[in-house]
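Here's the structure we're looking at; comments come further down.
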Amino acid sequence: MIYRGELVCRQSCCGHHQWAKAIEFVSAKTEEDARQQLHSAFADAWKRRCGECRRPIAIKHLKIIPMDNNGNDLEVEELAA
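Plus 3 on top of the position in the sequence shown (first one is 1) and you've got our numbering.
This is the structure:
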């Protein structure tokens with residue numbers, strides 16, 4: 004399964020713009036594997052930089068989104084099925 008990891012900037016100067024984030028994609032069998040891969044991918048502070056204010060985003064703001072093979076986000080109901 005493909006997972007998208009997003010770090011959304013929480014700085015007030017960004018105003019939580021949609022583009023104020025860092026994104027990485029990983030392929031993993033479980034969400035825990037994806038979490039470990041994303042932590043490794045975002046280990047470098049330069050990869051965690053906001054696209055708007057260029058400040059590094061804390062890894063605690065990591066949001067993991069499962070995706071299907073076409074790149075569409077999976078809903079929670081679809082995961083249960």
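Every residue gets a Cβ at the ideal spot worked out from N, C-alpha and C, and that includes glycine.
> By how many angstroms is the C-alpha of glycine 54 removed from the C-alpha of lysine 37?
Replying inline: Just to set this straight, residue 37 is alanine in the shown sequence, not lysine. Rounded to whole angstroms, the separation of the alpha carbons of glycine 54 and alanine 37 is 23 Å.
> Between alanine 83 and the rest of its own chain, which residues show a CB-CB distance below 6 Å, the 5 nearest in sequence each way excluded?
Replying inline: Since pLDDT at alanine 83 reaches only 43, below the 50 mark, its modelled position is unreliable, and no value is offered.
>> Tell me the rounded alpha-carbon separation between cysteine 17 and arginine 58.
In response: Answer to the nearest angstrom: the Cα atoms are 10 Å apart.
> What did DSSP end up calling aspartate 36 once you bin it into helix, strand or coil?
Replying inline: Aspartate 36: helix per DSSP, three-state reduction.
> Where methionine 70 and lysine 24 are concerned, what is the direct C-alpha to C-alpha distance, given to the nearest angstrom?
Replying inline: Each residue's alpha carbon lies about 18 Å from the other.
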